[in-house]
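Below is one structure, written out as structure tokens; comments come after it.
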Amino acid sequence: MKWTKYFIPTLKEIPSEAEAVSHRLMIRAGLIRKLVSGAYTYLPLGLRALKKVENIIREEMDKKGALELFLPSLQPVELWHESGRYKALGEDLIKFKDRHNRVMVFGPTHEEVITALVRDHIRSYRQLPITLYQIQTKFRDEVRPRFGVIRSREFIMKDAYSFDRDNTGLDESYKKMYEVYEAIFKRCGLKVLAVEADTGIMGGDVSHEFMMLAESGEDLLAHCESCGYAASLDIASVKCQVSSVKVKEKSFKEVDTPGVSTIEKVGALLKVKPEQMVKTLIYVADGMPVAVLIRGDHEASEAKIKKYLKAGTIEMATEDIIKKATECPLGFSGPVGLKDMRIIADNAINGMANFVAGANKKDKHFINVNIDRDFKVKEWTDLRMITDKDKCPKCNKGIKIEHAIEMGHVFKLGLKYSKAMKAEFLDEDGKLEPCVMGCYGIGVNRIIAAAIELSNDKKGIIWPLSIAPFQVIIVPINYEKEDVQTVADEVYNSLQSKGIEVLLDDRNESAGVKFNDAELIGIPFAIVIGQRGLKKGVVEIKERATGKVIEVKRHDLSDEIFTFLKA
RNA sequence: CGGGGAGUAGCGCAGUUUGGCUAGCGCGCUUGCUUCGGGAGCAAGAGGUCAUGGGUUCGAGUCCCAUCUCCCCGACCA
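When we follow the numbering used here, the leftmost residue of the first sequence carries the number 17, and every step to the right adds one.
See the structure below:
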């Protein structure tokens with residue numbers, strides 16, 4: 017490809033709309049342009065990188081026998097009612113009415129559509145197992161699109177769905193995809209950690225996220241550097257550390273805390289540290305209020321609460337519900353004297369003594385509260401987010417909290433969709449059984465952004481060879497000069513005939529402009545051809561990642577390039 | 001949805017406080033000449049409903065009201 021025939025609008029200045037490194041570089045290098053918040057145009061150069069990623073994904077998926085298909089984005093809303101996810105998706109679901117007044121949605125994901133397909137066409141155990149996948153645009157009306165292509169409202173996802181006859185089959189399919197994912201990320205040059213994760217709106221029991229550590233990541237991981245343990249913050253299990261030291265119980269007392277209700281303010285008023293306080297959070301799980309006790313300095317994990325209660329939906333109680341359930345306004349709830357409500361407590365509460373808690377009375381708190389003496393807890397479990405003060409649940413060493421980008425997510429869905437939507441098959445005995453499903457997603461655009469996030473410098477992008485839009489860029493200095501042009505064209509043609517993806521910068525620009533652009537767009541190898549070298553009969557090969565330059569005889573060039581590309 | 005910031009040429013910005021002539025600068029773009037191994041020089045050009053709608057005024061990019069859009073932080077989320 018010749019630069020003057022191509023379309024690479026590079027930018028010298030940092031675009032004001034972008035904050036994250038990858039976002040800035042993608043705009044500056046002419047990979048993407050924004051249309052509206054959360055929707056991006058892929059320019060030719062960006063699309064080349066994207067296609068490379070897609071092809072790597074295809075190759076690895078196909079290798080393991082997954083079959084590619086293409087499902088519609090346009091979907092009837094009925095399917096979403098059928099699966100029960102219409103509500104779960106909420107405002108994220110983009111809906112509209114067609115001309116016949118029928119409600120349609122733009123697919124945010126495709127479990128419904130694939131299950132509807134499979135239930136019509138998979139009738140026998142003989143047709144199982146099967147894994148189907150697609151690479152397609154998804155639509156989600158995100159609360160807050162961010163970081164360019166990392167969190168957008170329209171994005172490309174590789175989504176795969178496995179159908180098995182039983183859990184053993186699912187385990188195998190799941191393991192296969194897990195391995196495929198490791199291979200894909202590795203080939204794309206990303207260092208990715210597989211972590212245990214919450215299943216969220218997808219449902220199911222087991223799920224792993226593939227995360228790449230990055231400062232601009234939106235997710236938080238608990239990561240142990242000594243044993244490699246990693247889990248998303250909200251489900252990382254916390255080791256129960258009950259202190260055995262007996263503290264003398266002081267006498268229980270009600271105190272005035274007028275208008276003061278947050279942990280911080282109550283603590284300041286009563287001169288008590290947050291870790292000597294207990295907060296009582298009222299949740300509504302499947303319509304029933306539940307009191308959750310968490311130590312003042314800890315954060316509740318809704319994922320853990322939901323899992324423990326085996327609830328379908330869980331949300332913080334509204335002010336009205338709290339008033340009704342505790343007979344007291346928001347901000348003064350406490351475990352003492354709480355009537356007719358299930359109480360579950362985090363392990364960290366166990367062993368606390370003489371702590372502060374709400375009094376279930378407006379403007380009142382209790383001090384010197386003690387468990388068993390002042391109230392009873394029947395259910396103890398792990399309900400909070402892990403912190404960097406906790407120990408690794410696996411090896412007991414320290415835990416680090418780190419930012420990460422979610423690159424992929426795999427789920428064992430089980431029977432959630434096949435039961436709701438009746439995707440069933442006949443087994444050997446002629447018995448109707450629901451398919452056991454798994455689903456597997458990769459954010460394709462995110463791979464591009466993550467690769468850039470991981471690998472860049474002041475000059476620009478440093479592509480890994482596997483997903484670089486071009487492998488080689490030829491930078492002729494003074495392309496107008498006949499001798500330079502002759503050699504540049506010759507090199508260009510010979511590399512191209514050997515199947516190397518090469519970009520020839522045939523612009524009439526100064527050397528500096530060309531070098532800077534080549535480095536900005538991050539092509540792994542630049543071949544610099546100038547009169548200075550030609551006098552000696554050599555051209556230069558410059559490696560983007562290292563900046564290393566070697567001189568080679570012009571006629572040895574293709575061999576040299578091949579050794580580089582192979583290495 | 002809550003808090004903060006911003007919208008002036010393709011990009012980056014000044015001008016708005018204190019209303020006043022044909023709305024500026026840098027980059028980029030076009031044409032010509034020169035230059036040519038790390039973002040060249042000179043000359044001549046093209047490009048603007050100053051986000052939108054309304055209002056105040058002799059006069060509005062500038063003041064007032066409303067709306068829209070974009071970005072950041074938070075809440076939420078796969």
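For glycine and all other residues, C-beta sits at the position ideal for the given N, C-alpha and C.
Per-residue DSSP class, three states only, for residue i
i	result
Thr153	strand
Ala55	strand
Ser140	strand
Asn412	coil
Gly350	coil
Ala199	helix
Asp499	helix
Trp396	strand
Asp379	coil
Tyr245	coil
His314	coil
Met42	helix
Met17	coil
Thr184	helix
Glu170	strand
Gly100	coil
Proximity to residue i [Cα-Cα], best of the options
i	options	result
Leu47	Leu27, Val222, Ser53	Leu27
Lys80	Ser471, Lys103, Ala199, Ile321	Ala199
Gly374	Lys192, Val491, Gly275	Gly275
Met332	Met304, His97, Arg101, Ile298	Ile298
Ile151	Thr125, Phe163, Arg162	Thr125
Met401	His419, Tyr456, Gln501, Asp250	Asp250
Asp221	Leu520, Ala316, Leu399, Gly430	Gly430
Thr153	Arg167, Val121, Met173	Met173
Asp356	Ala230, Lys340, Phe348, Ser32	Lys340
Lys582	Gly553, Arg560, Gly528, Ser482	Ser482
Val565	Lys551, His571, Pro540	Pro540
Glu128	Leu90, Phe486, Glu170, Phe23	Leu90
Thr296	Glu225, Ile30, Glu315	Glu315
Ser232	Ala467, Leu51, Asp214	Ala467
Ser317	Gly216, Ser471, Asp180, Ala82	Gly216
Arg389	Ile30, Glu265, Met228, Gly164	Glu265
Leu209	Glu525, Glu498, His419	His419
Met228	Val119, Lys191, Ile458, Glu335	Ile458
Lys552	Ala561, Lys569, Gln292, Met368	Lys569
Asp490	Ser32, Gln501, Lys392	Correcting the residue identity first, residue 490 is Ile in this sequence and not Asp. Checking every option, the nearest Cα to that of Ile490 belongs to Gln501.
Leu354	Lys392, Lys323, Ile557, Pro492	Lys392
Buried versus exposed call for residue i [16 or more other C-beta atoms within 10 Å across all chains shown]
i	result
Thr342	buried
Thr278	exposed
Ala465	buried
Met304	exposed
His39	buried
Thr20	exposed
Val261	exposed
Arg462	buried
Pro351	buried
Val159	exposed
Asn412	exposed
Asn344	According to the sequence displayed, residue 344 carries Cys and not Asn. Buried.
Leu520	buried
Glu225	buried
Val211	buried
Asn117	exposed
Rounded distance between the beta-carbons of residue j and residue i, thought under 8 angstroms
i	j	result
Leu85	Leu148	5 angstroms
Asp235	Glu422	6 angstroms
Ala327	Ala301	4 angstroms
Met437	Glu107	Actually they are not in contact, since the Cβ atoms of Met437 and Glu107 sit about 23 angstroms apart, beyond 8 angstroms.
Pro161	Gly54	3 angstroms
Asp406	Val254	6 angstroms
Ile337	Ile330	In fact, because the Cβ distance is near 13 angstroms, the residues do not count as touching under 8 angstroms.
Asp404	Ile415	6 angstroms
Gly185	Val452	6 angstroms
Glu449	Arg181	7 angstroms
Lys432	Gly454	At roughly 11 angstroms, the Cβ-Cβ gap does not stay under 8 angstroms, so Lys432 and Gly454 are not in contact.
> Are at least three pairs of beta-carbons, each pair with one atom in the stretch 140-149 and one in the stretch 435-451, less than 8 angstroms apart?
Replying inline: As far as the Cβ criterion goes, the stretch 140-149 touches the stretch 435-451, which means the pair count is three or higher.
> With a cut-off of 8 angstroms, do at least 3 Cβ pairs link the stretch 305-317 to the stretch 226-242?
Replying inline: Taking a cut-off of 8 angstroms on C-beta distances, the stretch 305-317 does not touch the stretch 226-242, as fewer than three cross pairs fall below it.
>> For the stretch 542-549 against the stretch 42-50, do three or more pairs of beta-carbon atoms, one drawn from each stretch, fall closer than 8 angstroms, so that the two count as touching?
In response: No contact exists between the stretch 542-549 and the stretch 42-50.
>> Measuring CB atoms only, is the stretch 125-138 touching the stretch 67-79, in the sense that at least three cross pairs come out at less than 8 angstroms?
In response: Because the criterion of three Cβ pairs below 8 angstroms is not met, the stretch 125-138 and the stretch 67-79 do not touch.
>> Is it the case that the stretch 205-216 contacts the stretch 377-384, given that we only count it when at least three CB pairs across the two stretches are under 8 angstroms?
In response: The way I'd put it, the stretch 377-384 doesn't touch the stretch 205-216; fewer than three beta-carbon pairs between them come closer than 8 angstroms.
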